[in-house]
Each structure stands twice: as C-alpha cells, then as structure tokens.
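Enquirer: Next up is a structure, given as structure tokens.
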Amino acid sequence: MPGLYVHIPFCIRKCDYCAFYSEVSADRNRQQRFFQSLEKELGSLPANFVPETVFIGGGTPTAPDFQALEKFFPMFVKFSPLEFSVEVNPGTVDVAKLSLLKRIGVNRLSIGVQSFESRCLETLGRIHSAEQADEAFRRARAAGFDNISIDLMFGIPGQTMQALDADLDRALAFGPEHISIYNLMYEEGTPLLERNPVRLDEEMEREMYDHIRERLKEAGFEHYEISNFAKPGFECRHNLLYWTGGEYIGCGPAAHSHWNGTRWANAADLDDYCVYGPRREFEETLDPVAKERETLVMGLRLINGVDVDPTLFKKLQCTFQSLENEGLLEIDGCRVRLSEDALFVSDAVFAELI
Ligand code: SF4
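Heads up, the sequence shown is in the working numbering, so the first residue is 821 and it goes up one at a time.
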C-alpha cells in the first residue's frame, strides 16, 4: 500500500543547519494561496492511489496560525490512513493546534526537539527552548496522542558526551514510542557551514552513536533503521515505505514521488506552485536494474537488512564478498545486512554498491 507525503513549505525562521525547502513567511494570503493549490493537487491524485500512510512534513506544518490550519487541514480527512503523522516544531504548537490535529485523525506526532540543551539549540538556530519542547510533549499526551516520536541530533559543535546523555535522559523520561536521532550534517549554503564551527571529531561522533544505541536498547527500544529506534510495534510505517522501495506520492513544492514505475519531483518554487500548481522539475522512468540497486541500498538502512534478488546478488557477489571480508557486511544466503561496525559509516558502504 502506498503513502502520501505533503510538504508544507513554511517556517518561522530558518534553522542554521537546514537545507530543506521552506521559506520564512507569515503572510496569510500567501499561505492561503499555497493551501488552495495543495487542495487542487490532492484532488487530482490518481483514482487508484489509496494511501495507507500520510505524512505531513516540511518546513513546519504547524507554522501557519490556528485559523489557517483549522480552515485547510480538514482537506486531509478524506484519506483516513492507517498511520497519519505530522511533524511538529515545539515553538509552534499549542493546545488548540494539537486538538485540531487529533480531531482530523492524526495519530502520530514527530516532535522536532533536536536537543534539550540551550547551547546546542542556539548553535542549531532553533526557535524553541527545551522548556517548550517539554511543554509540547506534555500537551501532545494530554491531547490524547499515544504514538509520539522525538527527533534528536548528535555531533552538534560543542556537544559533550554528558550533554548527549542528558538529552537522552530527558527524552526517555517522557516515555516516547519512537526516537529518531541523526548525526548533524553540514549542508552546503547553510549558515552553520559558513560559520565553520569546530566540529566534533569522527571518533567522538562514533562513540556518541554507539552510546545512543546502547542506551536506547537498554530502554526497550528496537534499533530498526540506522537513525531510528522504536518501541515494539511503533516503527514509522511511512518511512518504512521509503526504505523498502515502496510507492508514494509527494504533494507540495519540492515533494518527491515514486509511483507506477516513475519517479518525479515537484519544482521547489512556491510562487510557481501557488499560481500554476505542481510542475515536475524532474521525472524519470525507473530502469529496473537501477531500481534494484537503489532498493538494495535503501533496504540496507534497515538493521535486519534486505533480501537481494539472486541475479543482482550474483552481479554484486565480489563487492559483497570484499565488504564482508572488511567486516562491513553480513551475508546469509541472499540476505545482506550492515555489520554493527558499518552502521556509522553506512554512506561509504552504499557508495560501493551504487
Ligand atoms: S524547522 Fe525544520 S524545515 Fe524549518 S528551518 Fe528548521 S529544520 Fe528546516
């Protein structure tokens, strides 16, 4: 069953590390034009597209004010998916917005905390405080959400192992069902990269990653994807679609899709989107061989690994063998998975397989 991704391209302020497509705008007319275009795009989805999961991300889906969300978010009700996730920034949610999300059928929240340490939040340029993150989680529980993910980061300049541990303590104290924790990336064109801060060395980042895995495992989380941990039964179904080569359609500017053997991306241009609706700036029909390799690499993100088609397995046997000899890959028949040592350097392994 496919998934629907919706990109809401507004933020209150750009975070210093962010390379996602979004703009800082509180202009109600502009937001209204965007939502009207989005409604049209959703209305033109293929008749046989019945999403099992809906994921509203961005940007900051909760950046528009309550009146705008109340007016436009009911457009998603018709999908009534099994899993309906919304990304929430702690600086932009209050009781009214959370109750609204609950009313329209949202059953999973992903709260972007990143860190509970004010110095780290400042380094990242986040708009919220640790107290607001606490408040957002408590309010979400009070609103009845029983499937909440907390997003954290590690490898932040100046972050110590103690600070990371304190972040994990605080996140675990809430009892979330899911935790995503990403190693900070230094993206081209971001203020963070331009500032050229003193980065943590790789050894330290690896220690942090190992520590995170150990602590979350002890706390009863299953490590199911390189950066994702879930209590049993709370894996993110929508993201599992991406990692297992599933189909999805993305709506909104800059959203990507993979449907019926075709992959495309909407233009990252809000002006254009508001006036003309979605315009594909990229489209390709998937070559089955390239698709198999891509499915392999995405599947390797999963801790349990992936079954490889026997023909592809034969083609890649030498590479698999040498990765296994280096201790980076584990092979069991036609099933391959990253070794524990390879999880932190997965990109280097993937580069060998593409
Ligand atoms: S809130 Fe999210 S999308 Fe917006 S700038 Fe920050 S990281 Fe980027």
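Even for Gly, the Cβ is constructed at its ideal location relative to N, Cα and C.
Taking E1007 as the reference, give the member of H827, P996 and F840 with the closest Cα.
Expert: F840
Enquirer: Between the Cα of S857 and the Cα atoms of T1139, T880, P829 and V1109, which residue gives the shortest distance?
Expert: The residue with the shortest Cα to Cα distance from S857 is P829.
Enquirer: Report yes if the C-beta distance between S905 and F869 is below 8 angstroms; otherwise report no.
Expert: no
Enquirer: Going by DSSP, name the residue or residues bridged to D1127.
Expert: D1127 pairs with R1155.
Enquirer: Taking 8 angstroms as the limit between beta carbons, can you name the residues of its chain near R1099, skipping five residues before and five after?
Expert: N1086, A1087, D1089, D1092 and Y1093
Enquirer: Sorry if obvious, but does the Cβ on S842 come closer than 7 angstroms to a heavy atom of the ligand SF4?
Expert: Distances taken from the Cβ of S842 to the heavy atoms of the ligand SF4 include one shorter than 7 angstroms.
Enquirer: Nearest by alpha-carbon distance to M1028: which of C835, F1164 and V1109 is it?
Expert: F1164
Enquirer: Just to confirm, are S930 and S969 a CB contact at a threshold of 8 angstroms?
Expert: yes
Enquirer: If G877 and Y825 are in contact, beta carbons under 8 angstroms, what's the gap, nearest whole angstrom?
Expert: 7 angstroms
Enquirer: In the DSSP output, which residue or residues are listed as bridge partners for S969?
Expert: S930 and H998
Enquirer: What do you get for Y1096, buried or exposed, if any count of 16 or more other CB atoms within 10 angstroms of its CB means buried?
Expert: exposed
Enquirer: Tell me which residue opens and which closes the beta strand (DSSP E) that R1100 is part of.
Expert: R1100 to T1105
Enquirer: Compare the beta carbon distance of V913 and T882 with 8 angstroms and say whether it is the shorter of the two.
Expert: For the pair V913 and T882, the CB atoms are nearer than the 8 angstroms cut-off.
Enquirer: For the beta strand (DSSP E) holding Y1062, just list the boundary residues, first then last.
Expert: Boundaries for Y1062: no beta strand (DSSP E) harbours it, while the alpha helix (DSSP H) harbouring it runs R1057 to W1063, taken from the DSSP string.
Enquirer: Do E1103 and W1079 come within 8 angstroms of each other at the CB atom, strictly closer than that value?
Expert: no
Enquirer: Less than 8 angstroms between the C-beta atoms of Y1044 and L920, yes or no?
Expert: Here Y1044 is not near L920, since their CB atoms are 8 angstroms or more apart.
Enquirer: Mind reading off the beta-carbon distance from A991 to C940? Whole number of angstroms is fine, and I expect it under 8 angstroms.
Expert: 13 angstroms between Cβ atoms; not a contact.
Enquirer: By a C-beta neighbour count over all protein chains shown, 10 Å radius and 16 as the cutoff for buried, is M934 buried or exposed?
Expert: One detail in the question is off: residue 934 reads as Gln in this sequence, not Met. Buried: at least 16 other Cβ atoms inside 10 Å.
Enquirer: Sorted by chain position, which residues of the same chain lie with C-beta nearer than 7 angstroms to P1073's C-beta, five sequence neighbours on each side aside?
Expert: Sequence-distant Cβ neighbours of P1073 in its own chain, meaning closer than 7 angstroms and more than five residues away, are H827, P829, Y841, N1086, A1087, A1088, D1089, L1090 and Y1093.
Enquirer: Across which residues does DSSP place S1077 in a beta bridge pair?
Expert: Per DSSP, W1084.
Enquirer: According to DSSP, V844 sits in a beta bridge with which residue or residues?
Expert: C831
Enquirer: If contacts are defined as beta-carbon pairs under 8 angstroms, then G1009 and G823 qualify, I think. What distance do you get, rounded to the angstrom?
Expert: Not really, about 29 angstroms apart at Cβ, beyond 8 angstroms.
Enquirer: Hey, how far is the Cα of N927 from the Cα of F886?
Expert: N927 and F886: Cα-Cα distance of roughly 19 angstroms.
Enquirer: Is DSSP giving A937 helix, strand or coil here?
Expert: Correcting the residue type first, residue 937 is Glu in the shown sequence and not Ala. In this structure, E937 counts as coil in the three-state DSSP scheme.
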